[in-house]
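In this note's numbering, the protein residues as written are 3 to 388.
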């Protein structure tokens, strides 16, 4: 996310990057099945922020006004129903969360001044995210028209045309109050169109995939919407679907030569975030999901020089994680590993997650320095620091 939230009326990291679905049940919308909105926590907030190492000086005044619990709440992105603006505003007001992900098939949150009201309920502007890749994964198609799939874009359009298309879509997103798009896909595959990635990928050629993903991302940033590059370190050749189980990719050495190529010169993507997949990478993750593996975040930061926010793939609706961890433990593991934003689309009470994170900070299990590092990235991306 860039500094766009300073310019919106205080009116945004799968689900966010879901598996293919039938029309009307698009990927990214696992929250459809849940009509229960997150309930306010009954735990009194901590009033004294944790002792933190010096962070970004420009964020100091914002951080100083946040309790420990409020700092931690800035690091979560919670799925909300698109048809219930009142419940969403209440969630933001009561839990002080940093971001929402709009799932479901309803569009009430994306019309009128619904998201303005959500922003007015927040002390710190909220990131508002959707999945809007094109093809099988869209959010505005019923409101602002259809986008072709990534594969179709690369087959029929030039990179310049894709950039223009993405900028127009970004303008439509901004006009509705959306600040983050979980797109584009950087995964590299020539697999069947209906595969878990399939036609969501621009190409099986890493150079072509990068060229088109870069064009799409630059179009979004040109419109003031933060793109989210996904699914690091590469889902294109993974065996299976992380919605169903933990899936394995080729070894890291092979990913470096192929699947990771689109992440080269990552600064060219502009003020982007990166989504970390639930992938087991031999030679990197040691049997753990990449989203919960410290080695993955070191690879992203040290080898690729990425300085922006890293958001997890969905921690609440993908069995690669849910078969192994209850949600509060998954969120804690992700933040400890190096994630800046922990995403879950499934909704439900936020209080137990924040309770667990507060406990971890108090015990030192989640270092205060780790919290501050992520907090600065999130606040800077939202444009709320001086």
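In this text, a Cβ means the ideal position worked out from N, Cα and C, and glycines have one as well.
Check your understanding: Which residues in the same chain have their Cβ closer than 6 angstroms to the Cβ of residue 168, if we skip the five residues on either side of it in sequence?
Key -> The answer, listed in chain order, is 218, 221 and 222.
Point to revise | Spatial neighbours of residue 240 in its chain, beta-carbon cut-off 7 angstroms, leaving aside the 5 residues before and after | key: Correct list, in chain order: 249, 250, 251 and 281.
Review point. What runs of the alpha helix (DSSP H), each 4 residues or longer, lie entirely inside the segment 187-212?
Key: Entirely contained in the segment 187-212, not one alpha helix (DSSP H) run reaches 4 residues.
Practice item. Could you tell me how far apart the beta carbons of residue 74 and residue 356 are, in whole angstroms, since I believe they sit closer than 8 angstroms? Key: Taking a contact as a CB-CB distance under 8 angstroms, the pair residue 74 and residue 356 counts as one, their CB atoms being some 6 angstroms apart.
**Study point:** Inter-residue CB distance, residue 191 and residue 238 (contact presumed, cutoff 8 angstroms)
**Key:** Residue 238 and residue 191 do touch by the CB rule: their CB atoms are close to 4 angstroms apart, below 8 angstroms.
Check your understanding: Under 9 angstroms between the Cβ atoms of residue 283 and residue 253?
Key -> Going by C-beta atoms, residue 283 is nearer than 9 angstroms to residue 253.
Exercise for review: Identify whether residue 122 lies in helix, strand or coil by the three-state DSSP scheme.
Suggested key: Three-state result, residue 122: helix.
Check your understanding: Are the C-beta of residue 321 and some C-beta of chain D separated by less than 9 angstroms?
Key -> Of the chains in the structure shown, none is chain D; there is only one protein chain.
Point to revise | Nearest-angstrom Cβ-Cβ length linking residue 101 and residue 63, presumed shorter than 8 angstroms | key: That pair is no contact at about 21 angstroms.
Practice item. Apply the 10 Å Cβ neighbour rule to residue 275 and answer buried if 16 or more other Cβ atoms are within range, or exposed otherwise. Key: Per the 10 Å Cβ criterion, buried.
Review point. Taking the DSSP output, what are the residues bridged to residue 229?
Key: Bridge partners of residue 229 according to DSSP: 183.
Exercise for review: Since I believe residue 184 is in contact with residue 120 (beta carbons under 8 angstroms), could you give me their beta-carbon distance rounded to a whole number of angstroms?
Suggested key: Contact between residue 120 and residue 184 does not hold, since the beta-carbon distance rounds to 18 angstroms and is not under 8 angstroms.
Review point. Expressed to the nearest angstrom, what Euclidean distance is found between the alpha-carbon atoms of residue 90 and residue 243?
Key: In a straight line, the C-alpha of residue 90 is about 30 angstroms away from that of residue 243.
Check your understanding: Alpha carbon to alpha carbon, how far is residue 140 from residue 247?
Key -> Whole-angstrom Cα-Cα distance: 24 angstroms.
Practice item. Quick one: residues in its chain with C-beta nearer than 7 angstroms to the C-beta of residue 368, no 5 flanking neighbours on either side, listed in chain order? Key: So the list reads 334, 337, 338, 359 and 362, once near-sequence residues are dropped.
Check your understanding: Can the beta-carbon of residue 152 be found less than 9 angstroms from the beta-carbon of residue 172?
Key -> In this structure, residue 172 does not lie closer than 9 angstroms to residue 152 by Cβ.
Practice item. Tell me whether residue 320 is buried or exposed, calling it buried when 16 or more other Cβ atoms sit within 10 Å of its Cβ. Key: It is buried - the Cβ of residue 320 has at least 16 other Cβ atoms within 10 Å.
Check your understanding: With which residues is residue 109 paired in a DSSP beta bridge?
Key -> None; residue 109 has no bridge partner.
Practice item. Determine which residues share a DSSP beta bridge with residue 250 and list them. Key: The secondary-structure analysis by DSSP pairs residue 250 across a beta bridge with 241 and 282.
Check your understanding: Alpha carbon to alpha carbon, what distance is there between residue 259 and residue 182?
Key -> When rounded, the distance between both Cα atoms is 30 angstroms.
Exercise for review: Would you mind stating whether residue 342 and residue 296 have Cβ atoms separated by less than 9 angstroms?
Suggested key: Against a cut-off of 9 angstroms, the Cβ pair of residue 296 and residue 342 comes out as no contact.
Check your understanding: Whose C-alpha, out of 95, 132 and 142, is nearest the C-alpha of residue 122?
Key -> Minimum Cα-Cα distance from residue 122 among the listed residues 95, 132 and 142 corresponds to 95.
Check your understanding: Exposed or buried, residue 395, counting other C-beta atoms within 10 Å across all chains shown (16 or more means buried)?
Key -> The requested residue 395 does not occur in the structure, where the chain is confined to residues 3 to 388.
Review point. With a Cβ-Cβ cutoff of 9 angstroms, do residue 132 and residue 175 count as a contact?
Key: Between residue 132 and residue 175, the CB-CB gap stays under 9 angstroms.
Check your understanding: Looking at the structure shown, is residue 320 part of a helix, part of a strand, or coil, going by DSSP?
Key -> DSSP places residue 320 in coil when its eight states are reduced to three.
Exercise for review: Spatial neighbours of residue 285 within its chain, please: CB distance less than 8 angstroms, with the 5 preceding and 5 following residues excluded, ordered by chain position.
Suggested key: The residues are 253, 254 and 255.
Review point. With a Cβ-Cβ cutoff of 9 angstroms, do residue 236 and residue 300 count as a contact?
Key: Inclusion of residue 236 and residue 300 in the CB contact set at 9 angstroms is not warranted, their separation being larger than that value.
Practice item. May I ask you to list the residues that DSSP assigns as paired with residue 234? Key: As DSSP reads the structure, residue 234 sits in a beta bridge with 278.
Review point. Which residue comes first and which comes last in the beta strand (DSSP E) that contains residue 314?
Key: Here the beta strand (DSSP E) through residue 314 covers 312-314.
Review point. Among 86, 81 and 234, which residue has its Cα nearest to the Cα of residue 405?
Key: As displayed, the chain neither begins before 3 nor continues past 388, which places residue 405 out of reach and without an answer.
Point to revise | Spatially closest choice to residue 232 from 206, 159 and 135, by CA coordinates | key: Cα-wise, what sits closest to residue 232 is 135.
Check your understanding: Taking the C-alpha atoms as reference points, what is the distance between residue 371 and residue 195?
Key -> Separation of residue 371 and residue 195 (C-alpha to C-alpha, rounded to the nearest whole angstrom) is 44 angstroms.
Practice item. Please say whether residue 107 and residue 81 have beta carbons closer to each other than 9 angstroms? Key: No, the Cβ-Cβ distance between residue 81 and residue 107 is not below 9 angstroms.
Point to revise | residue 354 versus 331, 201 and 344, residue with shortest Cα-Cα distance | key: Comparing Cα-Cα distances from residue 354 to each of 331, 201 and 344, the minimum goes to 331.
Exercise for review: Leaving aside the five residues before and after residue 165 along the sequence, list all residues of the same chain whose C-beta is less than 6 angstroms from its C-beta, in chain order.
Suggested key: Beyond the five residues adjoining it in sequence on each side, residue 165 comes within less than 6 angstroms, by CB distance, of 217, 220 and 221 in the same chain, given in chain order.
Check your understanding: Roughly how many whole angstroms lie between the Cα atoms of residue 352 and residue 97?
Key -> One alpha carbon belongs to residue 352, the other to residue 97, and they sit about 7 angstroms apart.
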